[in-house]
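Asks: Here it is: the structure, laid out below.
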Amino acid sequence: MTTTQLSPTDLFAQVMRYDNRADPYPCYALMRERPVARMENGTWLVSGYHEIAQLLHDPRISADRLNPQAPEPALRSLLVQDPPRHDRLRRLVTGEFIPRIMGMRDHIAELVDQLLDAHTGSGPGQLDVVTDLAYPLPVTVICELLGVPREDEPVFGALSRRLTLALDPVDSPTEEQIRDAQQARDQLLQYLEGLIQQRRAEPGDDLLSALMASGDDEGPMGPVDLRVTLVLLLIAGHETTVNLIANGTLALLRDPNVLARLRSDPDLATPLVEEVLRYDPPVQMSGRSTLADIDIAGTTIPKGSRLRIMLAAGNRDPRRFPDPDRFVPDRADNAHLGFGGGIHYCVGAALARAEAQLALTALANRLTAPRLVADPPPYRRNAALRGPEHLLVAYDRLTNR
Numbered sequence: 027m028t029t030t031q032l033s034p035t036d037l038f039a040q041v042m043r044y045d046n047r048a049d050p051y052p053c054y055a056l057m058r059e060r061p062v063a064r065m066e067n068g069t070w071l072v073s074g075y076h077e078i079a080q081l082l083h084d085p086r087i088s089a090d091r092l093n094p095q096a097p098e099p100a101l102r103s104l105l106v107q108d109p110p111r112h113d114r115l116r117r118l119v120t121g122e123f124i125p126r127i128m129g130m131r132d133h134i135a136e137l138v139d140q141l142l143d144a145h146t147g148s149g150p151g152q153l154d155v156v157t158d159l160a161y162p163l164p165v166t167v168i169c170e171l172l173g174v175p176r177e178d179e180p181v182f183g184a185l186s187r188r189l190t191l192a193l194d195p196v197d198s199p200t201e202e203q204i205r206d207a208q209q210a211r212d213q214l215l216q217y218l219e220g221l222i223q224q225r226r227a228e229p230g231d232d233l234l235s236a237l238m239a240s241g242d243d244e245g246p247m248g249p250v251d252l253r254v255t256l257v258l259l260l261i262a263g264h265e266t267t268v269n270l271i272a273n274g275t276l277a278l279l280r281d282p283n284v285l286a287r288l289r290s291d292p293d294l295a296t297p298l299v300e301e302v303l304r305y306d307p308p309v310q311m312s313g314r315s316t317l318a319d320i321d322i323a324g325t326t327i328p329k330g331s332r333l334r335i336m337l338a339a340g341n342r343d344p345r346r347f348p349d350p351d352r353f354v355p356d357r358a359d360n361a362h363l364g365f366g367g368g369i370h371y372c373v374g375a376a377l378a379r380a381e382a383q384l385a386l387t388a389l390a391n392r393l394t395a396p397r398l399v400a401d402p403p404p405y406r407r408n409a410a411l412r413g414p415e416h417l418l419v420a421y422d423r424l425t426n427r
């Protein structure tokens, strides 16, 4: 398969096809032959590492994706905001969020062990890494941080999954898809409004109460910003981390040598998670638009163009990473794009890193003879937030702590 056979439009369509979900990387390799290319609908694909890094740090790039079907301003978080509103909102959020996640490693490690303890026994067994660990861990953490009742997870979890479907880069969503996303948005906002009213009556020692009380010289965080921030933290606070832990487990179990190294050297978890973020990132692509004509890679992207920033393709660019299709757990100079870049770099990166490091280390240490039940596993439909729907792992024994 060569680029003479597949146009940029065809290549993007191949990435979106569900039967390529388990391994989109050959398609990304073909994309990189033209690191900046225009699709038939006028959207530009950007797939080279250096080109992506340049654009993510270019002030002439907007996070507003110029999508006429995008949610109304009542649900436009800092992910899709530009300065100055983005900068102010990010300062308010990080000022309350970052101090609260510092020093949480011991608590997160305890939560990991509690989740695995439910499967301890004297003999062989099986667990679903997604439903038994990768999903409940970040959900529990973000619920505790925000002060959201853990028992409400079925409510906001279902709404979150419906909203994340709207993040898939579909240029012409059906009326049913648009209607469902709007309904999920309205229901989630209604749920959050109930929590806000509770905290207004009885403030607590949680992130939600802190955000409601936060402010700067311009005043407190406004009601719209508060709601979109809660939506962002609830969704981004667990959806991407699920994929990070699951993709990391896949990498470990596909390479017994790496698994053995992590067992003998727990410090390897830090660079190993960075390599997961490069090699098989939980967020595969993102959207941007241009505020001016931009000259890049021998072409000019016109003002007002939509961009598809193919983060996962850039992460395997051989111009930046030696032997990019090989998983190297202690890879040096690993400035990956797994958390994006520029002013929209992931707010929760430190928390996601800690959760993944501790979860993967515990799996390596406590599972005896772990092996994948199905490889590849079944994947979620979403191409942008890509990860296994389920990840069944059989083992001879799950040891006590």
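Positions in the sequence shown are counted from 1; adding 26 to them yields the working numbering. Each residue gets a CB set at the ideal place from its N, CA and C atoms; glycine is no exception. All values derive from a computational prediction rather than experimental measurement.
#1: In this structure, what does DSSP give as the bridge partners for residue 151?
#2: Checking 8 Å against the spacing of the C-beta atoms, do residue 48 and residue 402 come in under that value?
#3: Could you tell me whether the Cβ atoms of residue 154 and residue 416 are closer together than 8 Å?
#4: Three-state secondary structure (DSSP) at residue 245?
#5: Throw me the rounded Cβ distance for the residue 72 and residue 90 pair, which I believe falls under 8 Å.
#6: Whole angstroms are fine: how far does the CA of residue 82 sit from the CA of residue 331?
#7: Could you work out which residue in 249, 250, 156, 75 is closest to residue 406 when comparing CA atoms only?
#8: Quick one: does residue 56 have its CB under 8 Å from some CB of chain C?
#9: Where do the ends of the beta strand (DSSP E) carrying residue 333 lie?
#10: Looking at the unbroken alpha helix (DSSP H) that takes in residue 62, where does it start and where does it end?
#11: Mapping DSSP to helix, strand and coil, what is residue 178?
#12: Excluding the 5 residues preceding and the 5 following residue 161 in the sequence, name in chain order all residues of the same chain whose CB lies nearer than 8 Å to its CB.
#13: Alpha carbon to alpha carbon, what distance is there between residue 131 and residue 234?
#14: Output the boundary residues of the alpha helix (DSSP H) element that contains residue 296.
#15: What span of residues does the alpha helix (DSSP H) with residue 220 cover, start to end?
#16: Are residue 182 and residue 260 close, meaning C-beta to C-beta below 8 Å?
#17: Tell me which residues share the same chain as residue 159 and place their Cβ nearer than 8 Å to its Cβ, disregarding the 5 neighbours each side in the sequence.
#18: Give the single residue among 210, 303, 312, 323 whose Cα lies nearest to the Cα of residue 342.
#19: So, residue 377 versus residue 400, is the Cβ gap smaller than 8 Å?
#20: Between the C-alpha atoms of residue 69 and residue 333, what's the straight-line distance to the nearest angstrom?
#21: What is the rounded straight-line gap between the Cα of residue 125 and the Cα of residue 382?
#22: Taking DSSP's pairing of strands, which residues face residue 88 in a bridge?
#23: What's the call for residue 387, buried or exposed, on a 16-neighbour Cβ count within 10 Å?
#24: Could you check whether residue 150 and residue 421 sit closer than 8 Å to each other, using their CB atoms as the reference points?
#25: Return the Cβ separation of residue 123 and residue 373 in integer angstroms, given the expectation that the two are a contact with Cβ distance under 8 Å.
#26: Which partner residues of residue 394 appear in the DSSP bridge assignment?
#27: What is the rounded straight-line gap between the Cα of residue 129 and the Cα of residue 110?
#28: Which same chain residues end up closer than 8 Å to residue 120 when comparing Cβ atoms and leaving out the 5 residues on each side of it in sequence?
Replies: The relevant details are as follows:
#1: When DSSP reads this structure, residue 151 sits in a beta bridge with 421.
#2: Contact: yes.
#3: Yes.
#4: Look at residue 245 here: in three-state DSSP terms it is strand.
#5: No, residue 72 and residue 90 are not in contact; Cβ-Cβ is about 17 Å, not under 8 Å.
#6: Distance between the alpha carbons of residue 331 and residue 82 is about 15 Å.
#7: Taking only the C-alpha atoms, the option nearest residue 406 is 156.
#8: Looking for chain C here will not work: only one protein chain is present.
#9: From DSSP, the beta strand (DSSP E) with residue 333 extends over 332 to 335.
#10: Segment 62 to 64 is the beta strand (DSSP E) holding residue 62; no alpha helix (DSSP H) there.
#11: Assigned with DSSP and collapsed to three states, residue 178 falls in helix.
#12: Beyond the five residues adjoining it in sequence on each side, residue 161 comes within less than 8 Å, by CB distance, of 264, 268 in the same chain, given in chain order.
#13: Distance between the alpha carbons of residue 234 and residue 131 is about 21 Å.
#14: Where residue 296 is concerned, the enclosing alpha helix (DSSP H) stretches over 295 to 305.
#15: Taken as a continuous stretch (DSSP letters only), the alpha helix (DSSP H) holding residue 220 covers 201 to 227.
#16: Between residue 182 and residue 260, the C-beta spacing is below 8 Å.
#17: In chain order, 138, 141, 142, 153, 271, 385, 389 place their CB closer than 8 Å to the CB of residue 159, counting only its own chain and leaving out the 5 sequence neighbours on each side.
#18: When only C-alpha atoms are compared, the closest one is 303.
#19: Their beta carbons are not under 8 Å apart, which means residue 377 does not touch residue 400 by this criterion.
#20: When the Cα atoms are used, residue 69 and residue 333 turn out to be separated by approximately 6 Å.
#21: If you take the alpha carbons of residue 125 and residue 382, they lie about 19 Å apart.
#22: DSSP, once it has assigned bridges, lists 315 as partnering residue 88.
#23: If you draw a 10 Å sphere on the C-beta of residue 387, you find 16 or more other C-beta atoms in it, and that means buried.
#24: For residue 421 and residue 150, yes; Cβs fall inside 8 Å.
#25: About 7 Å; that satisfies the 8 Å criterion.
#26: Beta-bridge pairing links residue 394 to 423.
#27: Each residue's alpha carbon lies about 31 Å from the other.
#28: Closer than 8 Å at the Cβ level, and outside the excluded window around residue 120, lie 373.
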